[in-house]
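Participant:
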Amino acid sequence: AQSVTQLDSQVPVFEEAPVELRCNYSSSVSVYLFWYVQYPNQGLQLLLKYLSGSTLVKGINGFEAEFNKSQTSFHLRKPSVHISDTAEYFCAVSPMNRDDKIIFGKGTRLHILP
Amino acid sequence: NAGVTQTPKFRVLKTGQSMTLLCAQDMNHEYMYWYRQDPGMGLRLIHYSVGEGTTAKGEVPDGYNVSRLKKQNFLLGLESAAPSQTSVYFCASSYRTGAYTGELFFGEGSRLTVL
């Protein structure tokens, strides 16, 4: 079975400052890793994904994430946030064996302060 | 590019009423899912389907039924709505074979209020 922990439910950050949203997971099988973003009153859309290869993954809107297998983490980062990044961010894991379910973290709400 | 379409987008029900949410996808995906989203709870899986004619229970299936008579459609039914079912419901779909990665494609959500 899998589990996903997003360590912060809310993260306030000043505009143009860097941000890191943390995600840790546990799994007995190999997994694919995802970050989704949900803007206010919208559905979720894919921000970035790690399938294999380079552990540093770049996504849309200047976000990137680093897969750390030893620490079972997949933290999301952006060097300089913009007011338009205000949203909720979800980390998710998908088992490669397709038999187990996709699991989501509880989400981190990013508040951009002017 | 329609992707995943949910109808209706908003609905208000009285306790005990029934209703059906419709999800349609035009990407020929095998897998389809229904999630509910509540504040502080993240996304919780209600039911899912791995193919036409098959359904399975997720994390919070009680009070809901589903059907997948056609590959492109996945229906979520509430037989007797309760206030605890007030939520935002999301449908999602994904590939199973070939390009499978578990990446989900989401609809825009259906906001249901039960009075």
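Protein chains in written order, with the numbering used here: chain A, 1 to 114; chain B, 115 to 229.
Glycine included, C-beta positions come from ideal geometry on N, C-alpha and C.
All of these numbers come straight from a predicted model, not from anything done at the bench.
#1: To which residues of the same chain is Gly165/B closer than 6 Å at the C-beta, ignoring the five residues directly before and after it?
#2: For Val174/B, which residues of its own chain have a beta-carbon under 6 Å away from its beta-carbon, when the five flanking residues on both sides are left out?
#3: On the DSSP letters alone, give me the boundaries of the beta strand (DSSP E) that Leu33/A sits inside.
#4: Select from Tyr209/B, Leu183/B and Tyr162/B the residue whose C-alpha is nearest the C-alpha of Ser219/B.
#5: Looking only at C-alpha atoms, which of Asp140/B, Phe124/B, Gly177/B and Lys123/B sits nearest to Ala116/B?
#6: I need the straight-line Cα distance from Gly221/B to Arg77/A, nearest angstrom please.
#7: Of the residues that make up the segment 55-69 of chain A, which ones have a beta carbon closer than 8 Å to any beta carbon in chain B?
#8: Tell me whether the beta-carbon of Lys12/A lies closer than 7 Å to the beta-carbon of His111/A.
#9: Rounded to the nearest angstrom, what separates Ser84/A and Gln120/B at their Cα positions?
#10: Return the residues of the segment 6-19 of chain A that lie within a Cβ-Cβ distance of less than 9 Å from chain B, sorted by chain order.
Facilitator: The short version:
#1: Glu144
#2: Arg158 and Ile160
#3: Val31 to Gln38
#4: Note that residue 219/B is Phe in the sequence shown, not Ser. Ranking Tyr209/B, Leu183/B and Tyr162/B by Cα distance to Phe219/B puts Tyr209/B first.
#5: Asp140/B
#6: 26 Å
#7: none
#8: One point to set straight first is that residue 12/A is Pro, not Lys, in the sequence displayed. Contact flag set, yes.
#9: 26 Å
#10: Gln6 and Ser9
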